[in-house]
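Q: Got a structure here, written out as structure tokens. Questions coming.
Protein chains: 2
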Amino acid sequence: MRKDDHHFLSEEIVEEVSRTFKVLSDPTRIKILYLLSQEECNVNHIAEVLDVSQSAVSHQLAFLKSYRLVKARRQGKTIYYSCDDEHVIDLLKMTIDHIEHD
Amino acid sequence: MRKDDHHFLSEEIVEEVSRTFKVLSDPTRIKILYLLSQEECNVNHIAEVLDVSQSAVSHQLAFLKSYRLVKARRQGKTIYYSCDDEHVIDLLKMTIDHIEHD
DNA sequence: TTATCATATGAGCAATTATTCATATTTAAG
DNA sequence: CTTAAATATGAATAATTGCTCATATGATAA
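Going line by line, the protein sequences match chains A and B.
For the first sequence, the UniProt record's numbering gives the first residue as 1, with consecutive numbering after it.
For the second sequence, the UniProt record's numbering gives the first residue as 1, with consecutive numbering after it.
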């Protein structure tokens with residue numbers, strides 16, 4: 001195939017696709033997203049359930065929020081997080097499914 | 001939800017899911033896989049078409065091969081690579097599609 | 001064999017990243 | 001206002017990663 005005959009992805013698309021996968025490439029983030037796909041959670045609950053430090057969870061939530069994959073809701077002293085991107089959750093669940101039933 | 005009531009992912013599943021996404025989280029690997037999803041290519045062709053050094057391409061191909069995402073076929077001095085994991089290509093194309101039609 | 005083309009590989013390096021530790025901020029209760 | 005609880009944040013660090021450069025390997029042709 002000649003160079004001109006290829007269908008190319010634009011640099012921006014490639015960058016955004018890789019960013020999407022990068023978000024999902026960390027075990028802690030996967031656990032957080034999967035947990036949040038089951039229920040809205042506050043930070044300490046996530047930390048306890050997943051056995052990750054409060055600080056690490058908070059850092060990852062800030063990261064996930066910056067990509068609009070989760071959203072936050074305050075209620076008193078507590079902040080509840082939940083998923084905010086159905087497509088990314090679908091992508092995650094599909095991949096889990098595929099790997100579980102190799 | 002009580003800790004015991006959650007559906008948990010095993011550590012092995014989480015690790016494998018994150019590895020899968022990690023493979024797809026690099027722009028060069030995305031370009032290579034997308035190119036190989038269109039046609040079987042030799043190493044130099046990939047390097048030229050994508051404007052990446054021969055060495056970088058070869059390193060990434062070795063990486064992709066170690067995860068069995070691509071396979072190699074020798075013909076004389078030339079080695080032709082092609083995709084060897086339909087599911088990962090599907091995952092990639094779905095994500096490209098989603099981002100292109102945000 | 002020797003020369004050359006195609007690809008692979010190892011060392012080194014700069015950049016990124018996930019975590020920890022310490023501390024700051026925000027909110028509510030007393 | 002003070003204290004405590006919940007969360008956020010910044011600096012530091014160790015680990016990982018993707019590339020380059022130089023060189024090695026493998027295959028073919030002369």
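Even for Gly, the Cβ is constructed at its ideal location relative to N, Cα and C.
Please list the partners that Thr-78 (chain A) has in chain B, where partner means a Cβ-to-Cβ separation under 9 angstroms.
A: As a working mapping, residue 78 (chain A) is identified with position 78 in the first sequence. Those do not exist, as Thr-78 (chain A) stays about 15 angstroms from chain B at its closest Cβ, beyond 9 angstroms.
Q: Do Val-57 (chain B) and Ala-72 (chain B) come within 7 angstroms of each other at the CB atom, strictly closer than that value?
A: For the purposes of this step, residue 72 (chain B) is taken as the residue at position 72 of the second sequence. For the purposes of this step, residue 57 (chain B) is taken as the residue at position 57 of the second sequence. Going by C-beta atoms, Ala-72 (chain B) is not nearer than 7 angstroms to Val-57 (chain B).
Q: Based on the DSSP secondary-structure assignment, which residues constitute the bridge partners of Ile-79 (chain B)?
A: On the second sequence, position 79 is the one that residue 79 (chain B) refers to. Paired residue(s): B:Arg-74.
Q: Measuring straight from C-alpha to C-alpha, what distance separates Gln-60 (chain B) and His-98 (chain A)?
A: Looking up residue 60 (chain B) in the second sequence gives position 60. Looking up residue 98 (chain A) in the first sequence gives position 98. The alpha-carbon atoms of Gln-60 (chain B) and His-98 (chain A) are separated by roughly 24 angstroms.
Q: Comparing the C-beta of Asp-26 (chain B) with each C-beta of chain A, is any distance below 7 angstroms?
A: For the purposes of this step, residue 26 (chain B) is taken as the residue at position 26 of the second sequence. At least one chain A Cβ lies under 7 angstroms of Asp-26 (chain B).
Q: Cβ of Asp-97 (chain B) versus every heavy atom of the ligand NAP: is any distance shorter than 6 angstroms?
A: This structure lacks the ligand NAP; in fact it carries no ligand of any kind.
Q: List, in order along the chain, the chain B residues whose C-beta lies closer than 8 angstroms to that of Phe-63 (chain A)?
A: By 1-based counting over the first sequence, the position of residue 63 (chain A) is 63. Within 8 angstroms Cβ-Cβ: nothing; Phe-63 (chain A) doesn't reach chain B, min ~14 angstroms.
Q: Anything in chain A within Cβ reach of Ile-99 (chain B), meaning under 8 angstroms, just list it in chain order.
A: Here residue 99 (chain B) refers to the residue found at position 99 of the second sequence. Going along chain A in sequence order, the residues near Ile-99 (chain B) (Cβ under 8 angstroms) are Ile-13, Glu-16, Val-17 and Thr-20.
Q: Could you check whether the Cβ of Tyr-34 (chain A) sits closer than 7 angstroms to any Cβ belonging to chain B?
A: Start at 1 with the first residue of the first sequence, and residue 34 (chain A) comes out as number 34. Yes - at least one Cβ of chain B is within 7 angstroms of the one on Tyr-34 (chain A).
Q: Got a sec: is the Cβ-Cβ distance from His-87 (chain B) to anything in chain A below 7 angstroms?
A: The residue you call residue 87 (chain B) lines up with position 87 of the second sequence. It does: the Cβ of His-87 (chain B) has a partner Cβ on chain A nearer than 7 angstroms.
Q: Are the beta-carbon atoms belonging to Ile-30 (chain A) and Val-17 (chain B) less than 7 angstroms from one another?
A: Numbered from its first residue, the first sequence carries residue 30 (chain A) at position 30. Numbered from its first residue, the second sequence carries residue 17 (chain B) at position 17. Yes, the Cβ-Cβ distance between Ile-30 (chain A) and Val-17 (chain B) is below 7 angstroms.
Q: Can you tell me where the alpha helix (DSSP H) with Ser-18 (chain A) in it begins and where it stops?
A: On the first sequence, position 18 is the one that residue 18 (chain A) refers to. Ser-18 (chain A) -> alpha helix (DSSP H) spans 11 to 23.
Q: How many angstroms separate the CA atom of Phe-8 (chain A) from the CA atom of Leu-35 (chain B)?
A: Within the first sequence, residue 8 (chain A) is the residue found at index 8, counting from 1. Within the second sequence, residue 35 (chain B) is the residue found at index 35, counting from 1. Cα-Cα distance, rounded: 8 angstroms.
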